[in-house]
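Residue numbers (the numbering used here): 2 to 478.
Take a look at the structure set out below.
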Amino acid sequence: MRSGSERISVLDIFKIGIGPSSSHTMGPWKAGLTFIAELKKKNVLTEITSIRVALYGSLAKTGKGHGTDMAVILGLSGYDPETIDLGLINEVVEKVKTNCTIHLGVIHELEFNPAKDIVFHSDKCLSFHPNGILFEAITNRGLNFAYTFYSVGGGFIVCDELELSKQFNYHFPYPIDSAEDLNRWAQSSNKSVSHIVMENELSLRTEKELKHELKGIWKVMADCMFKGCHSEGMLPGGLNVQRRARAMNINMLPGDESADFSEWLKLIKSKSFTFPEILKWVSCFAIAVNEENASFGRVVTAPTNGAAGVIPAVLMYYLCFVDGAKEEDILKFLLVAGEMGSIFKKGSTISGAMGGCQAEIGVSSAMAAAALSEVLGGKPENVIMAAEIAMEHHLGLTCDPVGGLVQVPCIERNSMGSIKAITAAYLALEGNPASAKVSLDSVIKTMWDTAQDMNSKYKETSDGGLAINIPVNLADC
Ligand code: SF4
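Quick look at the structure:
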């Protein structure tokens with residue numbers, strides 16, 4: 002779904018949350034929280050006697066593997082995905098399932114049997130978006146409250162009954178809807194892309210606040226990579242996928258006993274690595290994040306959870322392997338990547354259920370390519386060209402998660418998106434944007450057209466592609 006001329010902050014693109022999916026976990030979770038907030042606003046929360054949830058389209062088809070029911074329970078229970086203690090997740094969900102009661106918004110207890118009260122309508126799809134979710138609550142006075150939400154990708158939600166889009170209507174000094182707008186502002190102001198995005202962000206918050214938020218985002222990304230590279234075992238869900246990042250880390254860094262991310266970063270930087278080893282490192286960083294994501298770990302949506310590994314991996318590549326890399330460039334990197342994600346959201350989609358994996362890995366690769374080009378000293382034209390190259394070679398990429406889990410092909414696909422982003426950044430830095438045949442805006446339009454033409458089997462339904470050609474029986478696992 003194209004969001005047109007929304008004014009989105011980079012902090013709306015990068016959301017701290019829980020895996021495995023921004024549209025199937027984070028979106029429904031936020032929808033549950035928003036529904037509860039509305040009931041509170043109407044002063045009826047404590048009068049609710051029954052609550053039912055209906056999931057439609059892609060949410061129904063792959064919701065079980067993506068933890069949608071878990072997310073709904075946690076949202077209705079009033080927990081925030083950004084701050085919830087990860088150790089509480091299973092406990093809260095299991096309690097609701099076992100006791101068949103829920104504490105709405107933490108405070109109001111009522112009967113709720115997830116097996117009966119969360120209904121997966123796999124054969125029905127709401128017309129506005131494939132990720133539809135209906136919440137209905139009835140009070141002891143017989144009043145009925147029904148809200149229909151759509152999880153439109155990247156953890157963004159819209160609602161038929163609420164004007165949630167109003168929150169994305171900021172007044173920026175440099176309003177940007179397209180790559181052409183961005184380039185025009187850059188040329189007329191003679192400023193870098195990161196500078197322009199920074200000025201837009203400073204119209205919303207102070208520099209100190211912005212830096213604090215962006216550092217917090219990088220910290221979650223960094224901790225996630227570190228944790229993924231130091232955790233072993235099998236991923237949950239029944240596919241029996243073994244974690245790989247830890248073994249890759251040990252192979253390249255024998256004897257690694259780093260206590261935290263900064264020790265680990267220093268250790269990697271202190272060694273020299275061959276080209277194939279650097280390629281392996283980039284894959285390792287990306288895989289680490291998405292193994293954490295698949296394990297319901299804490300990740301940053303960038304621009305989605307399924308594609309959360311690309312931006313951290315490419316940024317880590319820069320910090321570890323590029324001579325002269327500066328830590329202060331992390332903020333520039335995130336500003337540029339965030340703005341690119343926002344341009345794709347406005348001109349096309351960042352929802353796998355709407356556009357296939359080109360909308361997830363393709364967009365994250367374009368975001369990372371642009372950001373890397375910026376910190377490597379690219380001019381705005383090169384930065385925009387880098388995003389164009391990265392997306393051009395993801396056009397048509399389908400979404401076909403095996404077993405409805407965000408594991409195969411999703412985890413490795415983050416490695417591929419990262420490597421393509423790095424290649425695209427260097428190609429753009431060598432290229433001549435003035436003679437480029439393809440513009441970023443035309444690629445974004447092509448991506449949208451391709452999304453329209455793509456068969457729904459390849460849009461996060463697990464009805465086609467690898468999902469049907471790889472025999473799995475999750476019930477046996
Ligand atoms: S295949 Fe791509 S779009 Fe689909 S769930 Fe996996 S990462 Fe997301």
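From the three backbone atoms N, C-alpha and C, an ideal C-beta is built for every residue, glycine too.
Just so you know, these numbers come straight off a predicted model, no measurement behind them.
Asked, Found
"Report the residue ranges of all alpha helix (DSSP H) runs contained in full by the region 220-292; include only those spanning at least 4 residues, in chain order.", "246-253, 262-271"
"Within the present structure, is the beta-carbon of aspartate 330 separated from the nearest heavy atom of the ligand SF4 by less than 7 Å?", "no"
"Out of curiosity, what's the CA-to-CA distance linking isoleucine 469 and serine 59?", "16 Å"
"Measure the C-alpha to C-alpha separation of cysteine 321 and isoleucine 49 and round it to an integer number of angstroms.", "54 Å"
"If you measure from each residue's Cβ to the nearest non-hydrogen atom of the ligand SF4, which ones come out under 7 Å, in chain order?", "Ser22, Thr305, Gly307, Ala308, Gly353, Gly357, Cys358, Ala360, Glu361, Ile362, Cys400, Asp401, Pro402, Val407, Pro410, Cys411, Arg414, Glu461"
"Name, in chain order, the residues that DSSP records as bridge partners for cysteine 400.", "Lys460"
"Quick one: Cα of lysine 458 to Cα of serine 259, how far?", "44 Å"
"State the start and end residues of the unbroken alpha helix (DSSP H) segment that holds isoleucine 19.", "First-last for isoleucine 19: 16-19, but that is the beta strand (DSSP E), not the alpha helix (DSSP H)."
"How far does the beta strand (DSSP E) with serine 51 in it reach, from first residue to last?", "49-58"
"Please report the distance separating the alpha-carbon of leucine 336 from that of phenylalanine 262.", "22 Å"
"List the residues that DSSP assigns as beta-bridge partners of glutamate 137.", "Arg53, Ala147"
"Any chance you could list the alpha helix (DSSP H) runs of at least 4 consecutive residues sitting entirely within the region 55-101, in chain order?", "59-63, 69-77, 89-100"
"Considering arginine 299, what are the terminal residues of the beta strand (DSSP E) in which it resides?", "299-302"
"If you follow the beta strand (DSSP E) that histidine 122 is part of, which residue opens it and which one closes it?", "119-122"
"Below 7 Å CB to CB, which residues in the same chain sit around leucine 441 once its five sequence neighbours on both sides are set aside?", "Ala180, Ile385, Ala388, Glu389"
"So what does DSSP say about valine 45, is it helix, strand or coil?", "coil"
"Whole angstroms is fine: what's the gap from proline 402's alpha carbon to alanine 354's?", "11 Å"
"Which complete alpha helix (DSSP H) runs does the region 165-207 hold, if anything under 4 residues is left out?", "180-190, 194-203"
"In the DSSP assignment, what residue or residues form a beta bridge with asparagine 470?", "Beta-bridge pairing links asparagine 470 to no other residue."
"Under three-state DSSP, which class holds cysteine 126?", "coil"
"Note down the Cα distance separating serine 190 from asparagine 184, rounded to an integer number of angstroms.", "10 Å"
"For leucine 105, which beta-bridge partners are listed by DSSP?", "His109"
"Label isoleucine 471 either buried or exposed according to how many other C-beta atoms from any shown protein chain fall within 10 Å of its C-beta, with 16 as the threshold for buried.", "exposed"
"What three-state label does DSSP hand serine 362 in the structure shown?", "With the sequence shown as reference, residue 362 is identified as isoleucine, and serine is not the correct amino acid for it. In this structure, isoleucine 362 counts as helix in the three-state DSSP scheme."
"Counting along the chain, where does the alpha helix (DSSP H) carrying valine 409 start and finish?", "Per DSSP, valine 409 belongs to no alpha helix (DSSP H) and is neither H nor E."
"Just verifying my parser: in three-state terms, what is the DSSP assignment at isoleucine 331?", "helix"
"When DSSP labels each residue in this structure, what does arginine 8 get in the three-state scheme?", "strand"
"Give every residue of the same chain whose Cβ lies closer than 8 Å to the Cβ of valine 311, excluding the five residues on either side of it in the sequence, and list them in chain order.", "Ala287, Ala303, Ile362, Ser365, Ser366, Met368, Ala369, Asn415, Gly418, Ser419, Ala422"
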